[in-house]
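In this note's numbering, the protein residues as written are 8 to 155.
Structure first, commentary second.
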Amino acid sequence: MRDNSHKRHILKAISWRLVGSIDTMLVSWFISGDPMIGLKVGFSEVATKMLLYYLHERVWYKINLSKDKVLRESRKRHLAKTVTWRMVGTIDTMILAWIISGDPMTGLKIGFSEVATKMILYYIHERVWYKVKYGLPKKTEEEASAYE
């Protein structure tokens with residue numbers, strides 16, 4: 008059977024980046040008061056976040072293949088993925104916002120403001136993708152019910 012997990016993770020990265028970039032643009036605009044800073048921060052992070060998100064997905068895919076049932080349980084796993092991704096994403100946003108605005112405090116404010124919005128949005132994104140089976144190996148009924 009062919010492994011479509013790479014395609015799945017690319018599609019997840021693209022869908023998350025759309026949601027995440029819109030949120031970043033709005034938060035950056037609100038914090039800085041300048042719509043151009045919002046656009047610059049939002050567009051500049053597309054490349055960095057796509058790469059970082061793809062790598063994050065690959066790591067978590069490998070963890071999901073483990074025999075440890077605690078790491079495979081969906082809600083706990085999605086919560087752990089949410090926290091680890093938010094840490095990576097916040098650091099990236101802070102650095103980019105600092106460079107673009109020229110003010111480290113603006114970078115910190117934008118990064119910390121996004122923590123709540125992004126964690127909520129990411130958790131919802133993970134739950135939606137959990138329902139999408141594209142790119143996942145077929146499971147027996149017993150395996151599927153154990154993962155719920």
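Using N, Cα and C, we set each Cβ at its ideal position, and we do this for glycine too.
Everything numeric in this text was worked out from a predicted model, so none of it was measured.
_Closest Cα partner of leucine 143 within the set Trp23, Tyr68, Ile44, Gly45_ = Residue numbering aside, residue 143 sits at position 136 when the sequence shown is read from its first letter. Nearest C-alpha to leucine 143: Tyr68.
*asked:* Using the Cβ count rule (16 or more neighbours within 10 Å means buried), how would you classify alanine 20?
replied: Numbered from 1 along the sequence shown, position 13 holds the residue referred to as residue 20. Answer is buried; the Cβ neighbour count reaches 16.
*What separation, rounded to the nearest whole angstrom, lies between the Cα atoms of tyrosine 129 and histidine 13?*
Position 122 of the sequence shown holds residue 129. Position 6 of the sequence shown holds residue 13. Their backbone Cα atoms lie some 19 Å apart in a straight line.
*Spatial neighbours of glycine 114 within its chain, please: CB distance less than 6 Å, with the 5 preceding and 5 following residues excluded, ordered by chain position.*
Counting from 1 along the sequence shown, the entry for residue 114 is found at position 107. Cβ within range, chain order: Met101, Ala104, Trp105.
*asked:* Suppose you measure from the CA of leucine 62 to the CA of lysine 138; what does that come to, to the nearest Å?
replied: Numbered from 1 along the sequence shown, position 55 holds the residue referred to as residue 62. Numbered from 1 along the sequence shown, position 131 holds the residue referred to as residue 138. The straight-line gap from Cα to Cα measures roughly 21 Å.
_Residue span of the alpha helix (DSSP H) that contains glycine 142, given as start and end_ = Along the sequence shown, read from residue 1 onward, the residue named residue 142 stands at position 135. Note, glycine 142: premise wrong, no alpha helix (DSSP H); not H, not E.
*Taking the C-alpha atoms as reference points, what is the distance between leucine 25 and aspartate 110?*
As a position in the sequence shown, residue 25 is number 18, starting the count at 1. As a position in the sequence shown, residue 110 is number 103, starting the count at 1. Whole-angstrom Cα-Cα distance: 26 Å.
*Sorted by chain position, which residues of the same chain lie with C-beta nearer than 6 Å to phenylalanine 37's C-beta, five sequence neighbours on each side aside?*
For the purposes of this step, residue 37 is taken as residue 30 along the sequence shown, with counting starting at 1. For phenylalanine 37, where only same-chain residues beyond five positions count, there are no Cβ hits under 6 Å.
_Segment limits, alpha helix (DSSP H) that includes glycine 27_ = Within the sequence shown, residue 27 is the residue found at index 20, counting from 1. Looking at the DSSP string, the run of the alpha helix (DSSP H) that includes glycine 27 is 12–39.
*Start and end residues, alpha helix (DSSP H) containing aspartate 99*: Your numbering for residue 99 matches position 92 in the sequence shown. Aspartate 99 -> alpha helix (DSSP H) spans 81–108.
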